[in-house]
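The next block holds one structure in the form of structure tokens; read it before the comments.
Protein chains in written order, with UniProt numbering: chain V, 1 to 353; chain L, 1 to 290.
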């Protein structure tokens, strides 16, 4: 059954354009859903509407089949973790974690026990007496997670919880959060602009842009079969290479090479290939002028221009390339995507004749 | 590149900023301390050393005990309302969506207006026959206190003027401190379901505590130094009911020409200020969070 249902949700601030228009999404119990998108895409606003921190301008929000629109946040049985941790600086770790329970009038001994249990899971037992100001960023975020856990809510909302941490700690915390999510059998909605977090943590990624859903799918699906050019260029570091095809009376050309495709005679197509699906092939007709080489250790990214359009390929050979050198670029026919240039949507996969 | 200053250069850089401090603070302080052991009468060129007689006389005099009690009463009943009112004004101010700047300026006005002039205006306002306050009270058939001539009422007149002067100023500090509290802390308290007074008690008050402490110290010192409103409104009267320590110092030194006693009293005021400041700072280590 769907635990959370968003039905034609709208958000409009006073006298301003709509941030979110007719947004539909169902989230199942136990799912780890990630809202991914560039800043300003409405992902945080959506999360805050689910939490009850923002009013829903129009539409319905249901949790367990019950309408939530007019319920205050505390009655929604939701725990939330904030980007800046939002710990009370004047309370110890223990008090911070137990504060929500205390305000709900729960027995002191019960609170103590629950906090102790959560602290054990999060390795915070030795820090219970400390104040947030004396903790590192990672520890503070653990306390914030602990405060969410002790509530034993059904739903956990996380608003960019790892953005303030350094790269190494982020990797550690990603794993911890997913483990925690599984242990608690929780339903989590996680907002981020970091695709690495989305790809590594999510069961399901909801990719947003300008308040609209671009694609919903597993990390693998959104990576391998981007539904439109926005997703193709947003997901992947570096992103998918996109080159418009020339259409000469129904014949499609990638630069000078003709591709034999089954497409409408007047269709304008864009060809897309991931950097790791392209390779150096001196005999290929597609030529790239090298502009920059990025050595990643195990392999490297060779950046260049294909007739003025930027193009990147991943290369793991021992060959040496020079800037300004012209190299041939090859790719496997089955691993490319095509998009309609007008609608920007993906065109069915098997275009090859 | 390393630049080494000679000792002479160093001395120059230290002494120049120190000069005003020495001339206007350290030397007068030493001279006061010295004078407090004499019976100098402010006019004659001669004087005798009297040891600690000025101090023992002060400590046993009724005048001093009364002034000390008045000062404590005045300080307590001024500082507490200033802090409470300042805080509440700030909470209100920060809720405003418009006219924020205008109200801010309005709150700041009493602080920048010379109190000596404002005290004259307050003198008219509190005038028991023609002053607007009593006229309003008369219309409402309420008792009309003799604001400036009744001993209890006179002290409260001084207190009201002092609160009026400082509450808005305190509100500006609180307003700034409140604005610096991250919005997410309030959102957390929304998620936890705090009522508005719980938010004030558990979130606002603890988080502005550094500002509260700062204002309490500054306001205590302000009250210990209150002079303008007393000299204009009551001159320490009636019957000494508004004579604070500082006003007593003024009376002793410049009306009764007992400069020895007056400087002894000024040293006592200094010691009291230092002790209060020390206590406040000690308390701050336990009860404020930065």
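In this text, a Cβ means the ideal position worked out from N, Cα and C, and glycines have one as well.
Ends of the beta strand (DSSP E) at residue i?
| i | result |
| --- | --- |
| residue 24 of chain V | 18 to 28 |
| residue 52 of chain V | Premise fails: residue 52 of chain V is in no beta strand (DSSP E) and is neither H nor E. |
| residue 15 of chain V | Counting along the chain, residue 15 of chain V falls outside any beta strand (DSSP E), and DSSP gives it neither H nor E. |
| residue 193 of chain V | Careful: residue 193 of chain V lies outside any beta strand (DSSP E) and carries neither H nor E. |
| residue 356 of chain V | Outside the shown range of chain V (1 to 353) lies residue 356 of chain V, about which nothing can therefore be said. |
| residue 53 of chain L | Per DSSP, residue 53 of chain L belongs to no beta strand (DSSP E); it is in the alpha helix (DSSP H), 53 to 60. |
| residue 184 of chain L | Not the beta strand (DSSP E): residue 184 of chain L falls in the alpha helix (DSSP H), residues 183 to 191. |
| residue 214 of chain L | Note, residue 214 of chain L: premise wrong, no beta strand (DSSP E); alpha helix (DSSP H) at 209 to 224. |
| residue 291 of chain V | 287 to 295 |
| residue 101 of chain V | Per DSSP, residue 101 of chain V belongs to no beta strand (DSSP E); it is in the alpha helix (DSSP H), 93 to 103. |
| residue 329 of chain V | 326 to 331 |
| residue 86 of chain V | Element bounds for residue 86 of chain V: n/a, residue is neither H nor E. |
| residue 244 of chain V | 241 to 244 |
| residue 148 of chain L | Per DSSP, residue 148 of chain L belongs to no beta strand (DSSP E) and is neither H nor E. |
| residue 209 of chain V | 204 to 209 |
| residue 63 of chain V | 58 to 63 |
Just the Cα atoms here: how many angstroms apart are residue i and residue j?
| i | j | result |
| --- | --- | --- |
| residue 200 of chain L | residue 61 of chain V | 31 Å |
| residue 8 of chain L | residue 40 of chain L | 40 Å |
| residue 176 of chain V | residue 200 of chain V | 12 Å |
| residue 376 of chain V | residue 67 of chain V | Limits of chain V in this structure are 1 at one end and 353 at the other, which puts residue 376 of chain V out of reach. |
| residue 256 of chain V | residue 39 of chain V | 38 Å |
| residue 202 of chain L | residue 65 of chain L | 40 Å |
| residue 353 of chain V | residue 238 of chain V | 30 Å |
| residue 190 of chain L | residue 70 of chain V | 14 Å |
| residue 130 of chain L | residue 251 of chain L | 30 Å |
| residue 53 of chain V | residue 156 of chain V | 14 Å |
| residue 167 of chain V | residue 190 of chain V | 18 Å |
| residue 49 of chain V | residue 79 of chain V | 13 Å |
| residue 276 of chain V | residue 335 of chain V | 10 Å |
Would residue i be called buried (16 or more neighbouring beta carbons within 10 Å of its own) or exposed?
| i | result |
| --- | --- |
| residue 265 of chain V | exposed |
| residue 187 of chain L | buried |
| residue 319 of chain V | exposed |
| residue 145 of chain V | buried |
| residue 327 of chain V | buried |
| residue 260 of chain L | buried |
| residue 46 of chain L | exposed |
| residue 305 of chain V | exposed |
| residue 49 of chain L | exposed |
| residue 65 of chain V | exposed |
| residue 315 of chain V | buried |
| residue 43 of chain V | buried |
| residue 90 of chain V | buried |
In the DSSP assignment, find the unbroken alpha helix (DSSP H) run with residue i in it and report its ends.
| i | result |
| --- | --- |
| residue 151 of chain V | Where residue 151 of chain V is concerned, there is no enclosing alpha helix (DSSP H), given that its DSSP letter is neither H nor E. |
| residue 158 of chain L | 151 to 179 |
| residue 123 of chain L | 115 to 125 |
| residue 184 of chain V | 167 to 184 |
| residue 232 of chain V | 229 to 234 |
| residue 17 of chain L | 7 to 21 |
| residue 342 of chain V | Counting along the chain, residue 342 of chain V falls outside any alpha helix (DSSP H), and DSSP gives it neither H nor E. |
| residue 253 of chain L | 245 to 254 |
| residue 108 of chain L | 100 to 112 |
| residue 221 of chain V | 219 to 224 |
| residue 232 of chain L | 228 to 233 |
| residue 110 of chain V | 108 to 121 |
| residue 138 of chain L | 132 to 139 |
| residue 35 of chain L | 27 to 35 |
| residue 199 of chain L | 196 to 199 |
Which whole-angstrom value is the C-beta distance of residue i and residue j, which I expect to be below 8 Å?
| i | j | result |
| --- | --- | --- |
| residue 264 of chain L | residue 58 of chain L | 6 Å |
| residue 188 of chain V | residue 181 of chain V | 5 Å |
| residue 159 of chain V | residue 82 of chain V | 6 Å |
| residue 96 of chain V | residue 143 of chain V | 6 Å |
| residue 243 of chain V | residue 309 of chain V | 5 Å |
| residue 161 of chain V | residue 141 of chain V | 6 Å |
| residue 128 of chain L | residue 146 of chain L | 5 Å |
| residue 94 of chain V | residue 115 of chain V | 6 Å |
Quick one: is the Cβ of residue i within less than 7 Å of any heavy atom of the ligand NAP?
| i | result |
| --- | --- |
| residue 254 of chain V | Annotation note on the ligand NAP: not contained in the displayed structure, which lists no ligands. |
Assess contact between the region 198 to 207 of chain V and the region 24 to 33 of chain V, defined as three or more Cβ pairs (one per stretch) separated by less than 8 Å. Is contact present?
Taking 8 Å as the limit for Cβ pairs, the verdict is that the region 24 to 33 of chain V does touch the region 198 to 207 of chain V.
Does the pairing of the region 276 to 286 of chain L with the region 92 to 109 of chain L give three or more beta-carbon distances under 8 Å?
Touching, no, given that fewer than three Cβ pairs across the two stretches are closer than 8 Å.
Below 8 Å, how does it come out for the region 215 to 223 of chain L and the region 162 to 170 of chain L: are there three or more Cβ pairs, yes or no?
In short, these stretches touch, since the Cβ pair count reaches three.
Three or more C-beta pairs closer than 8 Å, one from the region 46 to 65 of chain V and one from the region 3 to 12 of chain V: is that the case here?
Yes: the two stretches touch, three or more of their Cβ pairs being nearer than 8 Å.
Taking contact to mean 3 or more Cβ pairs, one atom from each stretch, closer than 8 Å, check whether the region 132 to 143 of chain V and the region 105 to 117 of chain V are in contact.
Output reads no: the region 105 to 117 of chain V does not touch the region 132 to 143 of chain V.
Is it the case that the region 330 to 347 of chain V contacts the region 218 to 233 of chain V, given that we only count it when at least three CB pairs across the two stretches are under 8 Å?
With three or more CB-CB distances shorter than 8 Å, the region 218 to 233 of chain V counts as touching the region 330 to 347 of chain V.
Three or more C-beta pairs below 8 Å linking the region 65 to 75 of chain L and the region 237 to 247 of chain L
Counting Cβ pairs under 8 Å, three or more are found: they touch.
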